Amino acid sequence: MIDRPHSLNRCPDGISGECFYQKDIDHELPSGLYTKQIFSESKNAYINYFICNGVEALLYMVNLGCIDMHPWHSRAGTLEYPDYAIIDLDPLGVGFEVVIKTALEVKKVLDELSCEGFCKTSGSKGIHIFLPLGAKYSYDIAFNFTKLLAGLVSQRIPDITSLERSPLKRPNRVYLDCYQNRMGQTIAAPYCIRPRKGAPVSAPLLWEELKKPLRPADFNMQNIFKRLKKTGDLWQKMPGKSINLEKILRNIKR
DNA sequence: GCGCATG
DNA sequence: CATGCGCATAAGCTC
DNA sequence: GAGCTT
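Start counting the first sequence at 3; every next residue gets the next number (this note's numbering).
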């Protein structure tokens with residue numbers, strides 16, 4: 003989350019009350035906290051995005067009623083260049099075992115292309131797959147690369163996956179959502195608690211953990227620290243890494 | 001949670 | 001003075 | 001052209 007613009011998902015009345023999104027911070031911040039003006043094409047105006055620059059900033063968000071956190075994929079200093087590309091596996095009408103099956107197929111494709119990837123539960127129903135880019139490529143390139151990968155995956159398991167955006171056109175499928183790879187899009191940060199019953203968290207996983215009995219609710223506010231103690235912070239394997247896109251694209255042509 | 005407009 | 005409302009986004013769809 | 005989905 004550090005140094006990233008955030009969309010604030012505020013739930014001032016807790017998970018049973020109404021939540022709302024806020025991007026534009028219109029009030030003064032305590033010293034040490036800051037916003038960054040980022041131009042919005044649609045608004046044709048600047049938005050003061052909250053930049054989370056440390057623990058105090060995180061606590062400030064919590065105090066505004068934020069439960070789950072929604073950081074950008076790029077940091078304030080390199081806004082145009084995401085640190086990772088994301089494939090969001092989003093099931094519609096199928097169980098988590100099908101999401102696992104899909105994720106394993108993604109992993110297979112990644113392995114064949116010698117492309118490094120990391121995965122985590124979304125905290126709700128799906129799985130997020132991260133491909134480290136090291137702020138070397140644009141959002142546009144990240145978007146197109148994930149579309150290419152998603153195409154390869156859905157070719158192999160067309161019966162359980164779909165690339166269709168409309169829910170009507172992807173019944174009982176896992177949606178391979180590449181749409182997140184655009185500037186300003188966000189997904190729930192690793193380890194954040196989702197505002198749902200049971201307080202599930204988005205949990206980084208080892209690929210080897212993707213097998214049958216696993217369920218998203220296995221990871222929650224109550225037990226995540228015990229897991230952290232045991233596995234360490236799996237997400238710390240990500241920072242600083244980057245795939246070599248030129249090399250990987252050559253592997254596809256074969 | 002809070003500022004603002006409305007009645 | 002109580003009550004209600006807004007507080008996100010861009011683009012490709014379908015209707 | 002409005003409305004829905006992410």
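Each residue gets a CB set at the ideal place from its N, CA and C atoms; glycine is no exception.
Note that the coordinates shown come from a computational prediction; the quantities given were computed from them, not determined experimentally.
| Check | Outcome |
| --- | --- |
| Please state if the CB of C180 and the CB of K149 are separated by a distance shorter than 9 Å. | yes |
| Label E233 either buried or exposed according to how many other C-beta atoms from any shown protein chain fall within 10 Å of its C-beta, with 16 as the threshold for buried. | The sequence shown places Thr at residue 233, not Glu. Per the 10 Å Cβ criterion, exposed. |
| Quick check on D142: does DSSP put it in helix, strand or coil? | helix |
| Measuring CB atoms only, is the stretch 46 to 55 touching the stretch 63 to 78, in the sense that at least three cross pairs come out at less than 8 Å? | yes |
| Could you check where the alpha helix (DSSP H) with M63 kicks off and where it finishes? | V57 to N65 |
| For K199, does the three-state DSSP call read helix, strand or coil? | coil |
| Let me confirm a value: H29 is counted as buried when at least 16 other C-beta atoms fall within 10 Å, else exposed. Which label applies? | exposed |
| Could you tell me the distance, in whole angstroms, from the CA atom of C68 to the CA atom of S76? | 20 Å |
| Give me the residue from L216, Q238 and Q182 with the minimum Cα distance to D92. | Q182 |
| Nearest-angstrom Cα distance between R229 and E43? | 42 Å |
| Apply the 10 Å Cβ neighbour rule to M3 and answer buried if 16 or more other Cβ atoms are within range, or exposed otherwise. | buried |
| Give the range of the alpha helix (DSSP H) segment to which V108 is assigned. | F98 to E114 |
| Mind checking which residues open and close the alpha helix (DSSP H) that includes F227? | I226 to T233 |
| How should Y83 be labelled, buried or exposed, when 16 other C-beta atoms within 10 angstroms of its C-beta is the threshold for buried? | buried |
| Among H8, L106 and C121, which residue has its Cα nearest to the Cα of Q238? | C121 |
| Could you tell me the distance, in whole angstroms, from the CA atom of T80 to the CA atom of W74? | 11 Å |
| Would you decide whether D235 is buried or exposed? Buried here means 16 or more other CB atoms lie within 10 Å of its CB. | exposed |
| Can you find at least 3 beta carbon pairs, one from the stretch 92 to 107 and one from the stretch 160 to 177, that sit closer than 8 Å? | yes |
| Among I102, L133 and M223, which one has its Cα closest to the Cα of S116? | L133 |
| Counting along the chain, where does the beta strand (DSSP E) carrying D70 start and finish? | C68 to P73 |
| Straight-line CA distance for A205 to S126? | 10 Å |
| Determine the DSSP secondary structure at I261, reduced to helix, strand or coil. | Nothing can be reported for residue 261, as the shown portion of the chain is limited to 3 through 256. |
| State whether the stretch 212 to 230 contacts the stretch 131 to 146, with contact taken as three or more CB pairs (one from each stretch) at a distance under 8 Å. | no |
| Looking at C-beta atoms only, is the number of pairs between the stretch 22 to 42 and the stretch 102 to 111 that lie closer than 8 Å three or more? | no |
| What does a CB cutoff of less than 6 Å around M185 pick up in its chain, not counting 5 residues either side in sequence? | Y141 |
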